[in-house]
Amino acid sequence: MDYTVETATEAVLASFRDTKDERLRQVLQSLTRHLHAFVRDIEPTIEEWGAAIGFLTAVGQKCDDTRQEFVLLSDVLGASMLVETLNGAKDGTESTVRGPFHMTASPRRDLGDSIDLLGTGRPCVVSGRVLTPDGTPLPGAELDVWQCNEKGFYDVQQPDVQPPGNGRGRFRTDDEGRYWFCTVVPSHYPIPTDGPVGALLKATVRHPYRPAHIHFIVSAEGQRPVTTHVFVADSPYIGSDAVFAVKSGLITDFAESHDEQAAQRFGVTVPFTHAKFDIVLAPETAR
Ligand code: BEZ
Ligand code: FE
C-alpha cells in the first residue's frame, strides 16, 4: 500500500507491531500517533522541519559532562515537572525537579552548622521536622540541601569566589526527627541562557528566571525519598517560574524573628531570618 497522508500513521504503527518489549511498543506507537498528529496540525515546510532538526541537534551539541541542555529543554517545556508530578507520592511532600546544580556531593555536616562558608550574607535559619504522613517523626532521616548565594550563584558557577561546598550540606535528623541549619537567604536567578534553550526563551518572549529556593533531597529507611524545594515566599518570579516547579505547599515565609530563645537554640543572634519547613515522606510502598 502506498505511504500517503491517509495511510502514514497506520503504516508506522504496524512497523512496531512485533516489538517484543510490550512497554517499548506502547511508547513508540504512542509517540508515532502524537508526532504524526503534531505534523498534521502544523503542516511544516521542508525548511521548517529542517530547522526543528537543527534546533534539536544544537541542543545535543550543547550537552557535555556538566551541561544537560536536553534536560533544560524538558524543564522549560514543563515536561520535567509533569513527569515529577505524575510520579510523586500522593500523601508526601510534593516533589520538584532536581536541576543541574547537584553535580558535586554535599559535605556531611552537623545539625546547626552553617552552609554559608563565607559568612557574608544575612544569617538565616532553616528548621523543621521529617515526618511520616500520620505525623510520626523520622529520626536519622538524611537531608541533602543545596542552594545559590544571595547574588544568585551556586558554588560551581563561581569557583574563584565561593569555596567548593558553599551552600551545600548533608544533615541527619535528631531523635525527634528535627533538623536545623544556618545559611543565607538565596536569590532568584536565571537558568543558563547561553544555549539553544536560551534562544528559544528569547524568541518566545519568556524570561529565564527561577524564584529563590533551597533544594532538598530527603530520605529515610522504609520511606520514599523526595526531591523538592522550599521557595522563598516573597521572591520575584514566584508566580512565573521558568521551569514550572512552584507548588503552593512548598512556599514558605523567610520571616524576621526576634525570638531570643530560638536564637539561642540555633546559635544565632536576634534578629535573624527563620524559615520553617516540615517534610513528609510517604511509605516506600505508597504510589
Ligand atoms: C535549579 O533550580 O537549580 C534549576 C532547575 C532547572 C533548570 C535550571 C536550574
Ligand atoms: Fe536551583
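Residue numbers (the numbering used here): 130 to 416. Positions of the beta carbon are idealized from the N, C-alpha and C atoms, including for glycine. Since we're looking at a predicted model, the values are computed, not measured.
Asked: First through last residue of the beta strand (DSSP E) which encompasses T402; Found: 401-405
Asked: Any non-hydrogen atom of the ligand BEZ closer than 7 Å to V372 Cβ; Found: yes
Asked: Proximity of E177 and V188 at Cβ, strictly below 8 Å; Found: no
Asked: Any non-hydrogen atom of the ligand FE within 7 Å of F230 CB; Found: yes
Asked: Ranges of the alpha helix (DSSP H) found wholly within the segment 139-225, counting only runs of at least 4; Found: 151-171, 175-190, 198-205, 208-216
Asked: Stretch-stretch touch, CB-based, cutoff 8 Å, three pairs: the segment 236-253 with the segment 289-309; Found: yes
Asked: Among E350, I175, I343, R297, nearest to T261 - alpha-carbon criterion; Found: E350
Asked: Three-state secondary structure assigned by DSSP to D314; Found: Note that residue 314 is Val in the sequence shown, not Asp. Reduced to three states, the DSSP call for V314 is coil.
Asked: L267 beta carbon less than 8 Å from that of V254; Found: no
Asked: Assigned exposure category for H358 - 16 Cβ within 10 Å defines buried; Found: buried
Asked: P252 to I408 span [Cα, whole Å]; Found: 22 Å
Asked: Y318 vs G368 beta-carbon contact at 8 Å; Found: no
Asked: is_contact[H231, chain D] using C-beta, thresh 8 Å; Found: No chain D is present in this structure, which holds just one protein chain.
Asked: A384 and T398 closer than 8 Å at C-beta; Found: no
Asked: Beta-carbon proximity check, I346 vs P354, cutoff 8 Å; Found: yes
Asked: As assigned by DSSP and simplified to three states, the class of A384; Found: strand
Asked: For H344, the residue or residues it bridges with in DSSP; Found: W275, H358
Asked: Other residues of its chain near E213: CB distance less than 7 Å, five sequence neighbours each side excluded; Found: S224, T225, V226
Asked: P325, enclosing alpha helix (DSSP H) - first and last residue; Found: 325-332
Asked: R339 beta carbon near the ligand FE (any heavy atom closer than 7 Å); Found: yes
Asked: K405 versus R335, I175, Y308, residue with shortest Cα-Cα distance; Found: Y308
Asked: Of the listed residues L211, V314, P292, nearest to S235 (C-alpha basis); Found: P292
Asked: Burial state of I175, where buried means 16 or more other Cβ atoms lie within 10 Å; Found: exposed
Asked: Backbone CA spacing between K149 and Q158 [nearest angstrom]; Found: 13 Å
Asked: Cross-strand partners of L260 (DSSP beta bridge); Found: P266, V409
Asked: Bridge partners - G298, DSSP secondary structure assignment; Found: V274
Asked: Whole-angstrom distance between P400 and C311, CA atom to CA atom; Found: 14 Å
Asked: M210 burial status per 10 Å Cβ neighbour count (16 or more: buried); Found: buried
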